[in-house]
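Peer 1: Right, I'll just put the structure down here and ask away after.
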Amino acid sequence: APPYGYPPAGGYPPGGGYPPGYGGGQPPRRRSGAATAIVVIVVLLVLGVVSFLGLALMVSVLGESDGGSIASTGDRVGVVTVDGVIMSGGRGSSFFGGVDGSLAIMDDLREAAKDTSVKAVVLHINSPGGSAAASHAILTEVKALAEKKPVVACMEDVAASGGYYVACGADKIVASGSTMTGSIGVIMSGVGYHELMEKIGVDSQTITSGRYKDMGSPLRPMRPDERALLQSMVQDVYQQFVDAVVAGRPNLTREKVLKLADGRIMTGRQAQKAGLVDELGTYYDALRIAAEEGGIKGEPKVKTFGPKGGLFEELFGTTRTAPLTPRQTLFAMSGPMLLEPTTYTYLMLHSQPLTQAAGAALAP
Numbered sequence: 101a102p103p104y105g106y107p108p109a110g111g112y113p114p115g116g117g118y119p120p121g122y123g124g125g126q127p128p129r130r131r132s133g134a135a136t137a138i139v140v141i142v143v144l145l146v147l148g149v150v151s152f153l154g155l156a157l158m159v160s161v162l163g164e165s166d167g168g169s170i171a172s173t174g175d176r177v178g179v180v181t182v183d184g185v186i187m188s189g190g191r192g193s194s195f196f197g198g199v200d201g202s203l204a205i206m207d208d209l210r211e212a213a214k215d216t217s218v219k220a221v222v223l224h225i226n227s228p229g230g231s232a233a234a235s236h237a238i239l240t241e242v243k244a245l246a247e248k249k250p251v252v253a254c255m256e257d258v259a260a261s262g263g264y265y266v267a268c269g270a271d272k273i274v275a276s277g278s279t280m281t282g283s284i285g286v287i288m289s290g291v292g293y294h295e296l297m298e299k300i301g302v303d304s305q306t307i308t309s310g311r312y313k314d315m316g317s318p319l320r321p322m323r324p325d326e327r328a329l330l331q332s333m334v335q336d337v338y339q340q341f342v343d344a345v346v347a348g349r350p351n352l353t354r355e356k357v358l359k360l361a362d363g364r365i366m367t368g369r370q371a372q373k374a375g376l377v378d379e380l381g382t383y384y385d386a387l388r389i390a391a392e393e394g395g396i397k398g399e400p401k402v403k404t405f406g407p408k409g410g411l412f413e414e415l416f417g418t419t420r421t422a423p424l425t426p427r428q429t430l431f432a433m434s435g436p437m438l439l440e441p442t443t444y445t446y447l448m449l450h451s452q453p454l455t456q457a458a459g460a461a462l463a464p
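For the sequence shown, our numbering assigns the number 101 to the initial residue and increments by one for each residue that follows.
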């Protein structure tokens, strides 16, 4: 065998001066520039995602809710938010932030009660109402918190029906002059399409264990005794609502509350004149009042109780939930029906319809 680097005896095969294995005498191909660029881009993307997640984690760990500043010590005013339709449930989360049910809000209120650095609490409300049971549960926790430290309810665009109900546990209520509030009342709604079923020739067969088991079924007309039974349920929850307002508004007699508790809505300024609101002001006025009630001097530091925002919110500073638009507010004030597969209706502490008579609330 010839020494390394010398051609074999007889020379290389015809067609090239390279040994076998080099592609028929062609020089070796270089790696494509496009492939290299793709590899570089992928590496940069991975590094970017890792940096993004690390920054979000740092913000969520170090960030405090008083305007996004780093957590500070000292006496503070806590803020618990009731935003949107009040329903039962816990806390959900997504890339864009969290969604609160009544259990989550109750947990926030309890955390505020246990936090020794929090000397007073602002209950920040922007809600048209919702489930009677969920509203009552939140009210119970607000009253328990108010026994330990001052609570000031702050009403934003709307704090009607169940939204006002939960505010009744606060020591003071602050609202904007144009806040929509009031709507002290209860609504139970359902639908009926038995006539449509008859027209298209559909015959529904239902077997029950008792006379009232299918009460409110949309497949048949509602009987008078069923309507009376449901009306008694509505009236019972209504009396609980009135009791809460009377207890929370010591300046109002029960007779005065009953005159206002016909489902009417009113502005914040009208509510103040009626005695349902203590002061007109903004969120910052509520913070100031809470700080004064809690013995905090100067501009108060704020600690917000609630879900950590999603990555999008933590990094870009968006609000946890969008404010109610005028269209959404009017829709909410119309008292939409909420149905479940297993039950035909909810008792709703919800704002009454704007375009239909109050007596139609129980129509099948």
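For every residue, glycine included, the Cβ atom is placed at its ideal position computed from N, Cα and C.
1. Which same chain residues, not among the five before or five after residue 369, have their C-beta less than 7 Å away from its C-beta?
2. Considering only C-alpha positions, which residue in the set 227, 212, 225 is nearest to residue 244?
3. Can you check the segment 357-390 for any alpha helix (DSSP H) of at least 4 residues that lies completely inside it and give the ranges in chain order?
4. Taking residue 315 as the reference, give the member of 291, 299, 337, 298 with the closest Cα.
5. Grab me the residues of residue 138's own chain with a C-beta within less than 6 Å of its C-beta, minus the 5 sequence neighbours each way, in chain order.
6. Can you look up residue 94 in the DSSP assignment and give me helix, strand or coil?
7. For residue 327, name the three-state secondary structure that DSSP assigns.
8. Taking buried to mean at least 16 other C-beta atoms within 10 Å of its own C-beta, is residue 288 buried or exposed?
9. For residue 260, list the residues DSSP reports as bridge partners.
10. Pick helix, strand or coil for residue 349, following the three-state DSSP scheme.
11. Identify the continuous beta strand (DSSP E) that holds residue 272 and give its terminal residues.
12. Taking the DSSP output, what are the residues bridged to residue 332?
13. What's the C-alpha gap between residue 221 and residue 386?
14. Within 10 angstroms of its Cβ, does residue 361 collect 16 or more other Cβ (buried), or is it exposed?
15. Go through its chain and collect everything with a Cβ distance to residue 214's Cβ below 8 Å, but skip five positions before and after it.
16. Can you confirm whether the segment 248-262 touches the segment 312-332 when touching is taken to mean that 3 or more C-beta pairs between the two stretches lie within less than 8 Å?
17. Taking DSSP's pairing of strands, which residues face residue 181 in a bridge?
18. State the start and end residues of the unbroken beta strand (DSSP E) segment that holds residue 231.
19. Nearest CA to the CA of residue 404: which residue from 267, 189, 182?
20. In chain order, what residues of the same chain have a beta carbon less than 6 Å from the beta carbon of residue 234, not counting five sequence neighbours either side?
21. Under 8 Å by Cβ, that's how I've got residue 253 and residue 225 pegged, so tell me the actual separation to the nearest angstrom.
22. Return yes when the Cβ of residue 219 is within less than 7 Å of the Cβ of residue 378, no when it is not.
23. Starting from residue 297, trace the alpha helix (DSSP H) in both directions and tell me its first and last residue.
24. Measure how close the beta-carbons of residue 337 and residue 357 come, nearest whole angstrom, since I'm counting them as under 8 Å.
25. If you check the beta carbons only, do residue 268 and residue 345 fall under 7 Å apart?
26. Looking at the structure shown, is residue 255 part of a helix, part of a strand, or coil, going by DSSP?
27. Where does the unbroken alpha helix (DSSP H) through residue 98 begin, and where does it stop?
28. On the three-state DSSP scale, how would you describe residue 243?
29. Using the Cβ count rule (16 or more neighbours within 10 Å means buried), how would you classify residue 339?
30. Looking only at C-alpha atoms, which of 191, 184, 247 sits nearest to residue 227?
31. For residue 373 and residue 389, I'd like the C-alpha separation in whole angstroms.
32. For residue 247, count neighbouring Cβ atoms within 10 angstroms of its own Cβ and tell me buried if that reaches 16, exposed if not.
33. Is the separation between the beta-carbon of residue 270 and that of residue 251 shorter than 7 Å?
34. Just confirm the distance between the C-beta atoms of residue 229 and residue 263, as a whole number of angstroms; I'd bet it's less than 8 Å.
Peer 2: Let me spell this out:
1. Taking residue 369 as the centre and dropping the five residues before and after it, the same chain places the C-beta of 277, 380 closer than 7 Å to its C-beta, in chain order.
2. 212
3. 368-374
4. 291
5. none
6. It is not possible to answer for residue 94, since the shown part of the chain is limited to 101 through 464.
7. helix
8. So residue 288 ends up on the buried side.
9. As DSSP reads the structure, residue 260 sits in a beta bridge with 282.
10. coil
11. 272-275
12. Partner(s): none; residue 332 has no beta bridge.
13. 9 Å
14. buried
15. none
16. no
17. 224
18. Counting along the chain, the beta strand (DSSP E) containing residue 231 begins and ends at 229-231.
19. Put simply, of 267, 189, 182 the residue whose alpha carbon is nearest the alpha carbon of residue 404 is 182.
20. Apart from sequence neighbours up to five positions away, the residues of its chain that approach residue 234 with a beta-carbon distance below 6 Å are 186, 187, 188, 202, ordered along the chain.
21. 6 Å
22. no
23. 294-299
24. About 15 Å; that fails the 8 Å criterion.
25. yes
26. strand
27. Residue 98 cannot be examined here, being either before or after the span of the chain that is shown, 101 to 464.
28. helix
29. exposed
30. 184
31. Each residue's alpha carbon lies about 20 Å from the other.
32. exposed
33. One thing to note: residue 270 has its Cβ within 7 Å of the Cβ of residue 251.
34. With 8 Å as the limit, residue 229 and residue 263 qualify as a contact, their Cβ atoms being about 5 Å apart.
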